[in-house]
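Asker:
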Amino acid sequence: MLLILYVLYFLYNVSADLMEEINSRLPEDGRLNFTELATKYGLETEEYDVITEDNYILKLFHIQGDRTKPILLCHGADNSADTYIMRGNTSLAVTLAKEGYDLWFMNSRDKKYSQRNLYLHPKDADFWNFTFHEIGIYDLSANIDYVLNKTNQGQLTLIGFSQGNQIWFVLGSMRPEYNSKVKVAIALAPVAYLNHARLPDLLTWTLINNFLKASGNHVLFGENSILTAASRTICPIMKAGAEFCINFNIFPICGADPPGLEPEFVPILIGHTPSNLVRKVLDHMVQVKTSKRFQLYDYGTVTNIVKYGSAQPPEYPVKKISAKVELLVGRNDKQAVVDDIQILKQQLPNSSYHEIDVDLWNHIDFVWGKYMKEFLYPLVLDLLKKYN
Ligand SMILES: *[C@@H]1O[C@H](CO)[C@@H](O)[C@H](O)[C@H]1NC(C)=O
Ligand SMILES: *[C@@H]1O[C@H](CO)[C@@H](O)[C@H](O)[C@H]1NC(C)=O
Ligand SMILES: *[C@@H]1O[C@H](CO)[C@@H](O)[C@H](O)[C@H]1NC(C)=O
Ligand SMILES: *[C@@H]1O[C@H](CO)[C@@H](O)[C@H](O)[C@H]1NC(C)=O
Ligand SMILES: *[C@@H]1O[C@H](CO)[C@@H](O)[C@H](O)[C@H]1NC(C)=O
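Numbering (our numbering), first residue to last: 26 to 413.
#1: Would you list the residues sitting across from Asp91 in a DSSP beta bridge?
#2: Is the beta carbon of Arg304 closer than 9 angstroms to that of His439?
#3: What are the boundary residues of the alpha helix (DSSP H) that includes Phe194?
#4: With hydrogens ignored, establish whether the beta-carbon of Gly55 is closer than 8 angstroms to any heavy atom of ligand 2.
#5: Flag this pair as touching only if the region 246-257 and the region 38-54 have three or more C-beta atom pairs under 8 angstroms; answer yes or no.
#6: Keeping to the same chain, check which residues put their C-beta closer than 7 angstroms to that of Phe152; ignore five residues upstream and five downstream.
#7: Kindly confirm or deny that the region 268-275 and the region 191-211 touch, where touching means at least three C-beta pairs closer than 8 angstroms.
#8: Please identify the residue among Glu53, Glu159, Ile389 whose C-alpha is closest to the C-alpha of Glu78.
#9: What residues are listed by DSSP as bridge partners for Ser377?
#10: Short of 7 angstroms in beta carbon distance, which residues of its chain neighbour Gly101, apart from the five on each side in sequence? Order them along the chain.
#11: Just jot down, in chain order, the residues whose CB lies closer than 6 angstroms to any heavy atom of ligand 3.
#12: Would you list, in sequence order, the uninterrupted beta strand (DSSP E) runs of no fewer than 3 residues that lie entirely inside the region 45-109?
#13: Relative to the C-alpha of Leu110, which candidate in Thr93, Met131, Lys94 has its C-alpha closest?
#14: Using 8 angstroms as the Cβ pair cut-off and three pairs as the minimum, do the region 318-328 and the region 178-185 touch?
#15: Work out the CA separation of Ser300 and Gly55 for me, nearest whole Å.
#16: Less than 6 angstroms between C-beta atoms, sequence neighbours within five positions excluded: which residues of the same chain meet that for Ile368?
#17: Residues in the same chain with beta-carbon distance under 7 angstroms from Ser166, minus the five sequence neighbours each way, listed in chain order, please.
#18: Within the continuous alpha helix (DSSP H) that includes Val311, where are the two ends?
#19: Suppose contacts are defined by Cβ-Cβ distances below 9 angstroms. Is Arg356 in contact with Trp386 by that definition?
#20: In angstroms with no decimal places, state the Cα-to-Cα distance between Val363 and Ser139.
#21: Return helix, strand or coil for Ala254, following the three-state DSSP convention.
#22: Pairing CB atoms from the region 389-407 with CB atoms from the region 245-252, are three or more of them under 8 angstroms?
#23: Pairing CB atoms from the region 290-300 with CB atoms from the region 55-65, are three or more of them under 8 angstroms?
#24: Name the DSSP bridge partner or partners of Ile184?
#25: Quick one: Cα of Gln178 to Cα of Leu43, how far?
#26: Roughly how far, in whole angstroms, is the beta-carbon of Ile96 from the beta-carbon of Asp127, given that I think they are within contact range, below 8 angstroms?
#27: According to DSSP, is Asn114 helix, strand or coil?
#28: Please determine, among Val343, Leu232, Asp382, the residue with the shortest C-alpha to C-alpha distance to Asp308.
Quick look at the structure:
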């Protein structure tokens, strides 16, 4: 029964008109896009189109600063560049802009600002045939090269959140020549191994995945999906709606930190996320969790042998990531879990490890928490000074 409900959720979109009406009830900061939010908080944004080797056209935002100190910020699986601006005056974007850094915000191929390809349309199944692997190999590399070219620099700093780090672990290990282009990767809530991550269990996911595949659905939580519409309707219904969303949706997935997330912020948050989680990306994540290996996509034994020359997909050779990785870790993070980051750390040849000194610090506290300014930014700014 629950499964049927889930499936309905994923399957059906509400009309654009209804979605517009629902969005109109969100607070202003939940409705504004990246550029509009930046303007509201005093920053001017430039927009660029970056074309990947496999022909996707990605939107890259730029907030001008000291060109000798470029930073490329990479969002997680379920959000866009909005990640870094939606907290307004206390966001990382505003904070780093004040410090004079030259800021670049990527939007991977699946996110609302991108979703373009020279030859494919989002209506084509082939458009959605990728995982975080391709986002790392193609989207991240194209963005790095673009920023280095525009700023005329040899190196940049990466800041990632969640899967925004996993894509660097893919790129830095599979195309190690990119390590010389990265001064340091500051990894907020880094995800690689997912052994302990709160993801759907294999049976549930297999059922959902097969259903989605059979029904030709490539995306979960699309911009106009019923689930998105429902959460944007329920979460803003006064404090009770927000608390419902916090306790039954946000905290079970991310870890519970009641002081870190005030109910007033939830209607803003829900206006930007979840955003277009791709079926195959989630499939790859569940494979990584189930196998307990940080491995390439599993096509099944026969295709694996053809593609990889082995029945099991190879692991990402993270030992080849020579550029420094600063791991910033939350003790109460249920997606980027301490035990999983420990496994990663042992394999990264050039990394340091920092736990945020708040016991309840959870996954989203790194980008949307109420206390980033107190407990996170001093560390991030120190690290940036050290490498810039
Ligand atoms: C943001 O919204 C404004 C106003 O609707 C629009 O002109 C602009 O193109 C949007 N920017 C992006 C990146 O979608
Ligand atoms: C953001 O902070 C600046 C300076 O601290 C202030 O002038 C401005 O009014 C704030 N903006 C908003 C929208 O709160
Ligand atoms: C998806 O892309 C892979 C290559 O990355 C290819 O082997 C596979 O056939 C494609 N699948 C579909 C359904 O097009
Ligand atoms: C940037 O790219 C342009 C066009 O491809 C090229 O002509 C130029 O030399 C590049 N600049 C740098 C600094 O790499
Ligand atoms: C570790 O990273 C730092 C900063 O990126 C770099 O200078 C150093 O050469 C790296 N060490 C190794 C052994 O690669």
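C-beta: ideal position from N, C-alpha, C; glycine also.
Answerer: So, from the data block:
#1: In the sequence shown, counting from the first residue as 1, residue 91 sits at position 66. Asp91 pairs with Tyr126.
#2: For residue 439 there is no data in the structure shown, the boundaries of the chain being 26 and 413.
#3: Residue 194 sits at position 169 when you count from the first residue of the sequence shown. Note, Phe194: alpha helix (DSSP H), 188-199.
#4: In the sequence shown, residue 55 corresponds to position 30, counting from 1. Checking every heavy atom of ligand 2 against the Cβ of Gly55, none is found closer than 8 angstroms.
#5: yes
#6: Numbered from its first residue, the sequence shown carries residue 152 at position 127. Within the same chain, Phe152 has close Cβ partners Asn142, Leu145, His146.
#7: no
#8: In the sequence shown, the residue the question calls residue 78 occupies position 53. The option with the nearest alpha carbon to Glu78 is Glu159.
#9: As a first step, residue 377 is located in the sequence shown; it is residue number 352 there, counting from the start. Glu351.
#10: For the purposes of this step, residue 101 is taken as the residue at position 76 of the sequence shown. The residues are Thr108, Phe186, Ser187, Gln188, Gly189.
#11: Asp151, Asn154
#12: 71-76, 81-88, 91-99
#13: Here residue 110 refers to the residue found at position 85 when the sequence shown is read from its first residue. Just to set this straight, residue 110 is Ile in the shown sequence, not Leu. It is Met131.
#14: no
#15: Here residue 55 refers to the residue found at position 30 when the sequence shown is read from its first residue. Here residue 300 refers to the residue found at position 275 when the sequence shown is read from its first residue. Their backbone Cα atoms lie some 13 angstroms apart in a straight line.
#16: What you label residue 368 is simply residue 343 of the sequence shown in a count that begins at 1. Around Ile368: Tyr218.
#17: In the sequence shown, the residue the question calls residue 166 occupies position 141. Once the five neighbours on either side are set aside, the close Cβ partners of Ser166 are Leu196, Arg200, Tyr203.
#18: The residue given as residue 311 occupies position 286 in the sequence shown. 304-316 is the span of the alpha helix (DSSP H), which, as asked, contains Val311.
#19: The residue you call residue 356 lines up with position 331 of the sequence shown. The residue you call residue 386 lines up with position 361 of the sequence shown. Yes, the Cβ-Cβ distance between Arg356 and Trp386 is below 9 angstroms.
#20: Numbered from its first residue, the sequence shown carries residue 363 at position 338. Numbered from its first residue, the sequence shown carries residue 139 at position 114. Roughly 32 angstroms separates the two Cα atoms.
#21: On the sequence shown, residue 254 is found 229 positions in, with the first residue counted as 1. If DSSP states are grouped into helix, strand and coil, Ala254 belongs with the helices.
#22: no
#23: yes
#24: Walking along the sequence shown from the start, residue 184 turns up at place 159. Paired residues: Leu98, Ile211.
#25: The residue you call residue 178 lines up with position 153 of the sequence shown. The residue you call residue 43 lines up with position 18 of the sequence shown. Near 46 angstroms, if we compare the C-alpha coordinates of Leu43 and Gln178.
#26: Looking up residue 96 in the sequence shown gives position 71. Looking up residue 127 in the sequence shown gives position 102. Indeed, because the Cβ distance is near 7 angstroms, the residues count as touching under 8 angstroms.
#27: Numbered from 1 along the sequence shown, position 89 holds the residue referred to as residue 114. It is helical.
#28: Taking the sequence shown and counting its residues from 1, one reaches residue 308 at position 283. Nearest option by C-alpha distance: Leu232.
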